[in-house]
Amino acid sequence: MTKKQKNVLYRILIAAVWVVALYFAPVTGYLRFVCYLIPYLVIGYDILRKAALGIIHGQVFDENFLMAVATLGAMLLGLYQVSQGQEGDFAEGVAVMLFYQIGELFQAVAVGKSRKNIAALMDIRPDYANIEGENGSLEQVDPDEVEVGSVIVVRPGEKIPIDGVVAEGSSTLNTSALTGESVPREIREGEAVLSGCVNLSGLLKIRTTREFGESTVSKILDLVENSSMKKARTENFITKFARYYTPAVCFGALALAVVPSVAGLLSGNPGAWSTWVIRALTFLVISCPCALVISIPLSFFGGIGGASTCGILVKGSNYLEALAQTKYVVFDKTGTLTKGVFQVTKIQPQEGSPEKLLEYAACAESYSTHPISKSLREAYGRDIAPERAAEVEEIAGCGVTALVDGVRVAAGNDKLMRRLGLSFCEDTEPGTVIHVALDGRYAGYLLISDVEKEQSGEAIRALKASGVKKTVMLTGDSRRAAACVAERLGLDEVKSELLPEDKVAAVEELLAVKGSREKLAFVGDGINDAPVLSRADIGVAMGALGSDAAIEAADIVLMDDNPLKLAVAMRISRKCLRIVYENIVFALGVKAVCLILGALGIAGMWLAIFADVGVMVLAVLNAIRCLKVEK
Amino acid sequence: MKKTYKIEVDCASCALKMEEAARKVEGVADAAVSFMTQKMKVEFAEGVQEKAVMEAVRKACRKVESDCEVYLD
Chain Z
0 MTKKQKNVLY RILIAAVWVV ALYFAPVTGY LRFVCYLIPY LVIGYDILRK AALGIIHGQV
60 FDENFLMAVA TLGAMLLGLY QVSQGQEGDF AEGVAVMLFY QIGELFQAVA VGKSRKNIAA
120 LMDIRPDYAN IEGENGSLEQ VDPDEVEVGS VIVVRPGEKI PIDGVVAEGS STLNTSALTG
180 ESVPREIREG EAVLSGCVNL SGLLKIRTTR EFGESTVSKI LDLVENSSMK KARTENFITK
240 FARYYTPAVC FGALALAVVP SVAGLLSGNP GAWSTWVIRA LTFLVISCPC ALVISIPLSF
300 FGGIGGASTC GILVKGSNYL EALAQTKYVV FDKTGTLTKG VFQVTKIQPQ EGSPEKLLEY
360 AACAESYSTH PISKSLREAY GRDIAPERAA EVEEIAGCGV TALVDGVRVA AGNDKLMRRL
420 GLSFCEDTEP GTVIHVALDG RYAGYLLISD VEKEQSGEAI RALKASGVKK TVMLTGDSRR
480 AAACVAERLG LDEVKSELLP EDKVAAVEEL LAVKGSREKL AFVGDGINDA PVLSRADIGV
540 AMGALGSDAA IEAADIVLMD DNPLKLAVAM RISRKCLRIV YENIVFALGV KAVCLILGAL
600 GIAGMWLAIF ADVGVMVLAV LNAIRCLKVE K
Chain P
0 MKKTYKIEVD CASCALKMEE AARKVEGVAD AAVSFMTQKM KVEFAEGVQE KAVMEAVRKA
60 CRKVESDCEV YLD
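From first to last, the protein sequence lines stand for chains Z and P.
What the first sequence shows, in numbering that gives the first Met the number 0, is residues 0 to 630, in sequence order.
What the second sequence shows, in numbering that gives the first Met the number 0, is residues 0 to 72, in sequence order.
Laid out in structure tokens, this is it:
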């Protein structure tokens, strides 16, 4: 608790003890009023002051005003009762103020706590950087002061404060603070490292490539902290709502106090006016809109904070809100649904073992630097002694021929096979095909293609399960390759052979047919699809760790390249929205019922206090649930 | 020119009031207040003295919410 909050707590305690003591004390008449006035002022002086200042500055109709009028009214009514020779009831006025302050204190503490929780979840801000002095001793400096190109030392257990390149040492890094991914990453000399990762095992010397302010960790923190400034539609609705609501209930209360009394007076029955004033005051206390005003931004803030711990950065409450209404999800293919790297996906020998075929092909291609040769060697996995392949001849655009272990090997495409006058299997799956001939006889083929990510199929299914109507894949790839991937993953629609500008057109086409309350999300790797990202309702960049352009262009950033995270993000946003609506319905519902009961005189001041403070406390507790994310 | 300032404010609706007040100050192109992060982001109009504008912003905020603070540095 802050000093201010403690202060309020003491005032609450003093006033509460005083009121309880007074309940048993045999004071009557005006002395009783004075006795109650003391705790009233102790607990409520700041509210009265704010209400007075508000009126002076033309800011009527806020919470302070409501509370001041309600409690002052109650006190004055008690005074009137005393002047009529009855026992004055002052306890209610003090109690309303007391409970209002308890509610406010609770709210302040709860918000402060969840703010701290989120800060702890996002605890990636490094406090210092180590710089090696001349005699080898380490000096801790402010990361802000480290210049680009200096060498910093990161010991095991420390956070990497600034983006850079490993100059010396090797280690494993925990990237979970950035990506939500718990598997440690190996890092060696010469590799780039990002700030915010935790060094797990070895001592690292890192040459910084950026200033602290430009480093990943600062960018991410900045993004998350600014996200609550972009307000969701629901939030704006509440702001607007409060603007009309508060004056409306004030006038309603005034009418409730005056109209029946005047009517009673005219009909010759003047006695009942104090009843109506009490009802009007009750009405005022019930109507306070704080439950909504606080719980809605708190929900969104919690949702954004929770998402960021899973490596999902949401740039604004509005995007979190829109994500829950997403009905169309458009994917880029390469690098998003597929890994974007080429691997041997099939080995089809005419006879003999697949391993042997792969071995011959890999040996024959062992001198080539072509990416396809690289994937062959990677698939083979073992080292190839250079003397195994002799008489290597590369035939541009066709393939290679070589003498491997005394066998004449030809490995290449259709053209090479035709050149050699060999018949070959023409009916293959989409991808790059490497035919292999051994000693002039066709021996089979290897298929190299871009492989789907393991989680892609599951991600599509999860999106469908959470209410996405249509999933679409856009790609520049050939029709056959695209259709093949789309079918395996279970996508609804595929548009292939697109140029980058065609992708924008394709998204626009979809935007035109969707309903106005349905949102379209585009998911890409953020590198060359910035125009599409910005055109879609929600642009999602994936695998964006370390790519500033992607972070800049997207509305939602998935830090690692797991498409399943999109489904997680949707789940978080739906939960968050559900809580927001729950709170709106609950708070307005309870208030509406209590307002009617209050106007009819069934609900007294005590119920009014529940309708105000109780509802607020419950709404805040509900909102805090947004912070919890099941991974 | 955008800048973010630390603020101190106790209630969510007060934060909204501050936002509205700050937007109306001359020299402020746009303003956003986050109650959750206790920050105010101000976008200044072309060629204004930030410091002077922020003094005015602080004054305007105090007017709508006497208990708030805007830290100018």
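Note that CB positions come from ideal geometry on N, CA and C, so glycine has one too.
Bear in mind that the values here come from a model prediction, so they are computed numbers and not experimental data.
- In this structure, DSSP gives P:Asp66 a state outside helix and strand, which the three-state scheme calls coil.
- With a cut-off of 8 Å on Cβ pairs, the region 465-476 of chain Z is not in contact with the region 414-421 of chain Z, counting fewer than three such pairs.
- One thing to note: Z:Leu312 has its Cβ within 9 Å of the Cβ of Z:Ile550.
- For the 9 Å CB-CB criterion, Z:Thr233 and Z:Met558 do not form a contact.
- Per DSSP, Z:Glu138 is not a residue of any alpha helix (DSSP H); the beta strand (DSSP E) it occupies stretches across Leu137 to Val140.
- Annotated three-state conformation of Z:Gly163 is strand, per DSSP.
- A Cβ-Cβ distance of about 4 Å is found for the pair Z:Leu415 and Z:Cys397, placing them in contact under the 8 Å criterion.
- Taking 9 Å as the CB threshold, Z:Asn225 lines the interface with chain P.
- Around the Cβ of P:Lys2, a 10 Å sphere holds fewer than 16 other Cβ atoms; the residue is exposed.
- Z:Tyr444 counts as buried, since no fewer than 16 other beta carbons sit within 10 angstroms of its beta carbon.
- Separation of P:Lys5 and Z:Thr333 (C-alpha to C-alpha, rounded to the nearest whole angstrom) is 43 Å.
- Within the same chain, and ignoring the five residues on either side of Z:Ser169 in sequence, the residues whose Cβ sits closer than 7 Å to its Cβ are Ile186, Arg187, Glu188 and Gly201.
- Taking C-beta atoms under 8 Å as the contact rule, Z:Ser227 and Z:Ile130 fail to qualify, at a distance of about 35 Å.
- Counting C-beta atoms within 10 angstroms of its own C-beta, Z:Tyr243 has fewer than 16 neighbours from the protein chains shown and is therefore classed as exposed.
- Between P:Met35 and chain Z, the shortest Cβ-Cβ separation is below 9 Å.
- Look at Z:Ala241: its C-beta is under 9 Å from a C-beta on chain P.
- Against P:Val63, the close residues of chain Z are His56 and Gln58, in the order they occur along the chain (beta-carbon pairs closer than 7 Å).
- Per the coordinates, the alpha-carbon of Z:Tyr327 lies some 29 Å from the alpha-carbon of Z:Asp221.
- With a cutoff of 9 Å on beta-carbon distance, Z:Ser448 and Z:Gln342 are scored as near each other.
- Chain-ordered, the chain P residues with CB closer than 7 Å to the CB of Z:Glu62 read Ser12.
- For the options Z:Ala363, Z:Asp382 and Z:Ile383, the alpha carbon positioned closest to that of Z:Ala389 is the one of Z:Ala363.
- In this structure, Z:Tyr379 keeps its C-beta atom at 9 Å or more from the C-beta atom of Z:Leu402.
- Not flagged as an interface residue toward chain P: Z:Asp141, since no C-beta distance is shorter than 9 Å.
- Here DSSP, grouped into helix, strand and coil, assigns Z:Tyr29 to helix.
- Fully contained in the region 12-69 of chain P are the following alpha helix (DSSP H) runs of length 4 or more, in chain order: 49-63.
- Inclusion of Z:Asp162 and Z:Thr215 in the CB contact set at 9 Å is warranted, their separation being smaller than that value.
- If you draw a 10 Å sphere on the C-beta of Z:Met0, you find fewer than 16 other C-beta atoms in it, and that means exposed.
- In the structure shown, Z:Asp449 adopts extended strand secondary structure according to DSSP, grouped into three states.
- Distance from the Cα of Z:Ser455 is smallest, within the candidate group Z:Gly489, Z:Ser260, Z:Ala482 and Z:Arg440, for Z:Gly489.
- With a cutoff of 9 Å on beta-carbon distance, Z:Val7 and Z:Ala94 are scored as not near each other.
- Each residue's CA atom was taken as its position, placing Z:Ser495 and Z:Tyr127 some 50 Å apart.
- Excluding its 5 nearest sequence neighbours in each direction, Z:Gly603 has C-beta neighbours in its own chain below 7 Å: Thr281, listed in chain order.
- If you check the CB distance, Z:Val329 and Z:Leu563 do not come in under 9 Å.
- By the C-beta criterion, the region 73-87 of chain Z is judged to be in contact with the region 25-41 of chain Z, since at least 3 inter-stretch pairs fall below 8 Å.
- For Z:Phe423, there is no enclosing alpha helix (DSSP H), as DSSP gives it neither H nor E.
- If you draw a 10 Å sphere on the C-beta of Z:Ile46, you find 16 or more other C-beta atoms in it, and that means buried.
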